[in-house]
Amino acid sequence: MITLKNGNADLPLMLTDYHLQIQKNGGKDDPNSAIGTGPYKLESFEPGIRITFSKNEDDWNEDRGFVDSVEVLVINDNTARIASLSSGKVHFINTLSPKTMSLLSRAPNVETLSTKGKGFYSFLMHGDTAPFDNNDLRMALKLAIDREAMLKTILGGYGTLGNDYPVNDAYALAPTDIPQRAYDPEEAAHYFKKSGHEGPILLRTSDAAFTGAVDASVLFQANAKEAGIDIKLQREPSDGYWSNIWNKKPFCASYWGGRATQDIRYTTTQLSTSTWNDTRFKDPAFDKMLLEARAETDKDKRRALYHQMAMMVRDDSGLILPVFNNYLNARSVKLKGWIDDVGNDLSNGQIASRAWLVS
Numbered sequence: 038m039i040t041l042k043n044g045n046a047d048l049p050l051m052l053t054d055y056h057l058q059i060q061k062n063g064g065k066d067d068p069n070s071a072i073g074t075g076p077y078k079l080e081s082f083e084p085g086i087r088i089t090f091s092k093n094e095d096d097w098n099e100d101r102g103f104v105d106s107v108e109v110l111v112i113n114d115n116t117a118r119i120a121s122l123s124s125g126k127v128h129f130i131n132t133l134s135p136k137t138m139s140l141l142s143r144a145p146n147v148e149t150l151s152t153k154g155k156g157f158y159s160f161l162m163h164g165d166t167a168p169f170d171n172n173d174l175r176m177a178l179k180l181a182i183d184r185e186a187m188l189k190t191i192l193g194g195y196g197t198l199g200n201d202y203p204v205n206d207a208y209a210l211a212p213t214d215i216p217q218r219a220y221d222p223e224e225a226a227h228y229f230k231k232s233g234h235e236g237p238i239l240l241r242t243s244d245a246a247f248t249g250a251v252d253a254s255v256l257f258q259a260n261a262k263e264a265g266i267d268i269k270l271q272r273e274p275s276d277g278y279w280s281n282i283w284n285k286k287p288f289c290a291s292y293w294g295g296r297a298t299q300d301i302r303y304t305t306t307q308l309s310t311s312t313w314n315d316t317r318f319k320d321p322a323f324d325k326m327l328l329e330a331r332a333e334t335d336k337d338k339r340r341a342l343y344h345q346m347a348m349m350v351r352d353d354s355g356l357i358l359p360v361f362n363n364y365l366n367a368r369s370v371k372l373k374g375w376i377d378d379v380g381n382d383l384s385n386g387q388i389a390s391r392a393w394l395v396s
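Under our numbering, the first residue of the sequence shown is numbered 38, with each subsequent residue one higher.
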């Protein structure tokens with residue numbers, strides 16, 4: 038039995054979040070325990086190298102887990118990953134670059150996969166830290182990025198335009214009539230002058246942030262220059278980026294995967310009290326609206342609340358969201374059972390559960 042202090046119309050969907058795990062006694066005895074209820078049992082785990090599983094013969098669900106064992110390999114080098122798939126050493130690879138997609142599409146016995154999803158590339162400004170505590174400066178930077186160019190050159194067209202709020206039409210009740218923000222150097226220059234800021238703005242970036250993040254940052258820098266805004270880039274090492282830079286430094290490149298619902302999406306990164314509020318967006322009116330929408334069962338009323346929330350984040354927060362990315366993967370033709378799933382990459386993390394092999 039689950040007892041709630043407040044209403045939550047999305048409770049069943051909330052329980053599908055991949056952060057939730059089933060463990061003995063809720064994991065209180067041993068948080069690192071790997072005893073679960075899935076189609077495979079953990080056999081070995083070497084962080085940064087590999088993880089292996091064997092079939093769980095006692096799985097309660099007969100409609101998943103169609104192979105005897107699963108091995109997940111960490112192959113950070115893109116060329117090596119492509120070679121492993123092409124040679125048949127592995128059956129599936131993910132996080133491909135757009136340039137790789139066209140190359141692999143010509144390879145025999147390989148199929149490329151592009152799945153629309155909820156993940157997005159972004160640049161984050163801490164709204165409580167100078168100079169980003171000035172909304173005129175934040176607006177200047179939002180108008181100083183060429184989203185169309187980023188979609189074309191960085192994503193190779195494998196994605197959709199973002200509008201500075203973290204929801205697209207892959208979410209139920211997503212806003213549909215908010216004007217698309219466009220690259221406008223003149224308007225950006227207006228807001229930049231209005232902000233009163235002078236001197237360069239430091240943007241931290243890294244290959245770890247997202248595929249093509251460094252190139253995207255260079256493009257942003259060039260776009261902003263047309264508006265008279267000087268962005269200085271600092272390339273950070275991939276190792277430690279998510280622990281030392283993200284959510285700690287006031288302006289950086291970042292990536293977010295999808296969440297099951299709009300409520301979880303906003304609660305994770307825009308609720309004032311969230312530890313993952315990586316733009317330091319804090320608005321009591323927004324928080325109140327979020328709780329109202331969470332408990333609202335009338336779809337029209339809920340859609341209207343989400344529309345207002347999207348506008349607040351778009352116009353007042355430190356989130357610069359130029360593009361939503363497709364999930365780019367490739368598989369051997371021997372691997373069957375793939376399902377396009379907007380939830381997250383790897384068929385919403387269920388590729389091993391859903392797939393089977395043919396000879």
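Positions of the beta carbon are idealized from the N, C-alpha and C atoms, including for glycine.
Alpha carbon of Gln58 to alpha carbon of Pro49, nearest angstrom: 15 angstroms
For my contact list, Tyr292 and Tyr202 are in at a C-beta cut-off of 8 angstroms; report their separation, rounded to the angstrom. That belief does not hold up - the Cβ atoms of Tyr292 and Tyr202 are roughly 16 angstroms apart, past 8 angstroms.
Just list the residues that DSSP pairs Gln60 with in beta bridges. Looking at the DSSP assignment, Gln60 forms no beta bridge with any residue, so it has no partner.
Three CB pairs or more closer than 8 angstroms across the region 149 to 164 and the region 376 to 384: yes
Check whether Leu240 and Gln217 have beta carbons under 8 angstroms apart: no
Between which two residues does the beta strand (DSSP E) containing Gly196 stretch? 196 to 198
What is the DSSP secondary structure of Trp279, counted as helix, strand or coil? helix
Where does Ala144 land, buried or exposed, given buried means 16+ other C-beta within 10 angstroms? exposed
Measuring straight from C-alpha to C-alpha, what distance separates Asn45 and Thr334? 9 angstroms
Unbroken alpha helix (DSSP H) runs of length 4 or more, entirely within the region 67 to 131: which are they? 115 to 124
Pull up the distance between the alpha-carbon of Ala246 and that of Ala290, whole angstroms please. 6 angstroms
What did DSSP end up calling Glu345 once you bin it into helix, strand or coil? Note on identity: in this sequence residue 345 is Gln, with Glu being the wrong assignment. In this structure, Gln345 counts as helix in the three-state DSSP scheme.
Is the beta carbon of Tyr208 closer than 8 angstroms to that of Gln299? yes
Do the region 125 to 137 and the region 361 to 373 touch if we need at least three Cβ pairs shorter than 8 angstroms? yes
At what residues does the beta strand (DSSP E) containing Pro274 begin and finish? Here Pro274 belongs to no beta strand (DSSP E), and DSSP marks it neither H nor E.
State the start and end residues of the unbroken beta strand (DSSP E) segment that holds Glu148. 147 to 152
Would you say Val104 and Ser123 are within 8 angstroms of each other, going by their C-beta atoms? no
Run through the DSSP bridge pairs and tell me what Ile268 is partnered with. Ile238
Who pairs with Lys373 in a beta bridge, going by DSSP? Trp393
If Leu161 sits next to Pro168, beta carbons under 8 angstroms apart, how far is it from one beta carbon to the other, in whole angstroms? That pair is no contact at about 14 angstroms.
Which residue comes first and which comes last in the beta strand (DSSP E) that contains Val360? 356 to 362
Please go through the same chain and pick out, in chain order, the residues whose beta-carbon is closer than 7 angstroms to the beta-carbon of Thr312, but skip the five residues on each side of it. none
Between which two residues does the alpha helix (DSSP H) carrying Leu210 extend? Premise fails: Leu210 is in no alpha helix (DSSP H) and is neither H nor E.
Who does Trp313 pair with in a DSSP beta bridge? Looking at the DSSP assignment, Trp313 forms no beta bridge with any residue, so it has no partner.
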